[in-house]
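Each remark here refers to the structure printed beneath this line.
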Amino acid sequence: MNPDPVEAPRKLSEAEIEALLVRPSVWKRRDVQRSLLIATLSTVVLGALIAYVLSESTGWDAVRRSFLSWHHFQEAMPRVWDGFKLNIKIFLIAEPIVLVVGLLLALARLSRNPVLFPIRAFAVFFIDVFRGAPALLVILMLGFGVPGLRIEGLPREPVFWGTVAIILTSSAYTAETFRAGIESIHPGQRAAARSLGLSNVRAQLHVVLPQAIRNVIPPLLSGFVALQKETSLVSAIGPLEATRQAQIYAGTTFNFTSYLAAALLFAAVTVPLARLTDHLLVRSGKSRASGGAV
Numbered sequence: 004m005n006p007d008p009v010e011a012p013r014k015l016s017e018a019e020i021e022a023l024l025v026r027p028s029v030w031k032r033r034d035v036q037r038s039l040l041i042a043t044l045s046t047v048v049l050g051a052l053i054a055y056v057l058s059e060s061t062g063w064d065a066v067r068r069s070f071l072s073w074h075h076f077q078e079a080m081p082r083v084w085d086g087f088k089l090n091i092k093i094f095l096i097a098e099p100i101v102l103v104v105g106l107l108l109a110l111a112r113l114s115r116n117p118v119l120f121p122i123r124a125f126a127v128f129f130i131d132v133f134r135g136a137p138a139l140l141v142i143l144m145l146g147f148g149v150p151g152l153r154i155e156g157l158p159r160e161p162v163f164w165g166t167v168a169i170i171l172t173s174s175a176y177t178a179e180t181f182r183a184g185i186e187s188i189h190p191g192q193r194a195a196a197r198s199l200g201l202s203n204v205r206a207q208l209h210v211v212l213p214q215a216i217r218n219v220i221p222p223l224l225s226g227f228v229a230l231q232k233e234t235s236l237v238s239a240i241g242p243l244e245a246t247r248q249a250q251i252y253a254g255t256t257f258n259f260t261s262y263l264a265a266a267l268l269f270a271a272v273t274v275p276l277a278r279l280t281d282h283l284l285v286r287s288g289k290s291r292a293s294g295g296a297v
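So the sequence shown is residues 4 to 297, counted in the working numbering.
Right, here's the structure in full:
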């Protein structure tokens, strides 16, 4: 008795291939609705608990008058906003310089050429010192120390030296971020580029660095958030940025709502950047899981 003939496998269509590549969802509609309901209820319960604790506390009325006064908020906001413009100015000046200096420091630290050993040693020393020193101390030392030298030609403005101090400290952290990104690239990438005739420098510029920078975009955005907040530290040497304006208003009116106004302005900048960072991290994780590009 002859066996039944076996059908030859047919070629799958593009739609069928795409359907097979889509990861099936483990969440059913009913599970999603139940999770949303539980999350909503838990949020409402927690909010009600916090509201009850605050309303029953004996000092709530005093805190509300001191920190949540709408009248003082309206009066303080124009002054705080004028100071916040200085924070934005410092951030916009410092951030491009931080990226360039951080990348140069990372490349110098990763150099293995014996001729460049002094530059590599300087990069290691720079990163170790300015990563270890608190940013506030660097601002105080530069802001008060360098103008005290009275060197002709050097600026004496506190804003200038506060910005320089922020650049120095942030560049050290950014350099380590870039270094981690460069070292995360598989050595085979460089070897493949060299086998195609590219020099070591061209392989670094055209093959390694583009992939490394793409990998470190999320942590760099986190650095942007930290840098924007660090601009408030320059108030320690005198500039009237948002925090200092809020402090002056609070000192003259004995009301602290101005601090809330300053906090809201900083949050208006940092929160969107934080959400963008989270989005890129999720996107990067999905891309790596599927083997694609970020």
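Cβ atoms here follow ideal geometry from the backbone N, Cα and C, with glycine treated the same way. Since the structure is predicted, the reported quantities are computational estimates derived from the model, not experimental observations.
Would you call residue i buried or exposed, if buried means 16 or more other Cβ atoms sit within 10 Å of its Cβ?
{"i": "Leu-195", "result": "Contrary to the premise, residue 195 reads as Ala rather than Leu in this sequence. Looking at its Cβ environment, which holds fewer than 16 other Cβ atoms inside 10 Å, Ala-195 is exposed."}
{"i": "Ile-41", "result": "exposed"}
{"i": "Gln-77", "result": "exposed"}
{"i": "Ala-138", "result": "buried"}
{"i": "Ala-296", "result": "With a pLDDT of 48 at Ala-296, under the threshold of 50, the modelled position of that residue is not reliable, and the figure given next carries that caveat. By the neighbour-count rule (16 or more Cβ atoms within 10 Å), Ala-296 is not buried but exposed."}
{"i": "Phe-301", "result": "In the structure displayed, the chain extends from 4 to 297; residue 301 sits before or after that span and is not available."}
{"i": "Ile-142", "result": "buried"}
{"i": "Glu-19", "result": "exposed"}
{"i": "Leu-236", "result": "buried"}
{"i": "Thr-43", "result": "exposed"}
{"i": "Ala-301", "result": "Here the chain comprises residues numbered 4 to 297, so residue 301 is not present and cannot be evaluated."}
{"i": "Ala-265", "result": "buried"}
{"i": "Asn-258", "result": "buried"}
{"i": "Val-83", "result": "buried"}
{"i": "Thr-46", "result": "exposed"}
Any heavy atom of the ligand HEM closer than 7 Å to the Cβ of residue i?
{"i": "Ile-100", "result": "Inclusion of the ligand HEM in the displayed structure is not the case, the ligand content being empty and no account of it being possible."}
Out of the options, state which residue places its alpha-carbon closest to the alpha-carbon of residue i.
{"i": "Ile-179", "options": "Arg-153, Arg-193, Val-228 and Phe-129", "result": "The question names Ile, yet the displayed sequence has Glu at residue 179. Per the Cα distances, Phe-129."}
{"i": "Tyr-262", "options": "Ala-54, Thr-46, Pro-81 and Glu-19", "result": "Pro-81"}
{"i": "Phe-181", "options": "Asn-258, Ala-253 and Pro-222", "result": "Pro-222"}
{"i": "Gly-191", "options": "Gly-184, Thr-177, Arg-278 and Val-211", "result": "Val-211"}
{"i": "Leu-106", "options": "Ile-96, Gly-184 and Gln-250", "result": "Gly-184"}
{"i": "Arg-123", "options": "Ala-136, Arg-134 and Ala-109", "result": "Ala-109"}
{"i": "Pro-99", "options": "Leu-224, Ser-69, Arg-278 and Leu-267", "result": "Leu-224"}
{"i": "Thr-280", "options": "Val-132, Phe-227, Asn-90 and Lys-14", "result": "Phe-227"}
{"i": "Thr-256", "options": "Phe-70, Leu-89 and Glu-233", "result": "Phe-70"}
{"i": "Leu-89", "options": "Val-162, Ile-188 and Gly-148", "result": "Val-162"}
{"i": "Ser-174", "options": "Pro-150, Gly-135 and Gly-146", "result": "Gly-135"}
{"i": "Asp-131", "options": "Arg-278, Gly-156, Tyr-176 and Arg-193", "result": "Tyr-176"}
{"i": "Ile-96", "options": "Ser-202, Val-47 and Trp-164", "result": "Trp-164"}
{"i": "Leu-267", "options": "Gly-148, Leu-284, Ala-111 and Ala-249", "result": "Ala-249"}
{"i": "Lys-232", "options": "Phe-87, Glu-17 and Phe-147", "result": "Phe-87"}
{"i": "Lys-92", "options": "Leu-276, His-75, Val-48 and Thr-234", "result": "Thr-234"}
key: Cβ pair count under 8 Å reaching 3, the region 107-121 against the region 270-289   = no
inquiry  = Quick test of the definition: if touching needs 3 or more C-beta pairs under 8 Å, does the region 213-221 touch the region 151-168?
reply    = no
query = Taking contact to mean at least 3 C-beta pairs separated by less than 8 Å, is the region 240-251 in contact with the region 203-214?
reply = no
Stretch-stretch touch, CB-based, cutoff 8 Å, three pairs: the region 227-241 with the region 42-58 = no
query = At what residue ranges does the region 133-169 contain a whole run of the alpha helix (DSSP H), taking only runs of 4 or more?
reply = 138-151
inquiry  = In chain order, what are the residue ranges of uninterrupted alpha helix (DSSP H) at least 4 long that sit wholly in the region 183-259?
reply    = 190-198, 203-206, 212-218, 220-233 and 245-256
ask   = What are the start and end residues of each continuous alpha helix (DSSP H) run of 4 or more residues lying completely inside the region 48-72, in chain order?
value = 63-70
query = At what residue ranges does the region 100-138 contain a whole run of the alpha helix (DSSP H), taking only runs of 4 or more?
reply = 120-135
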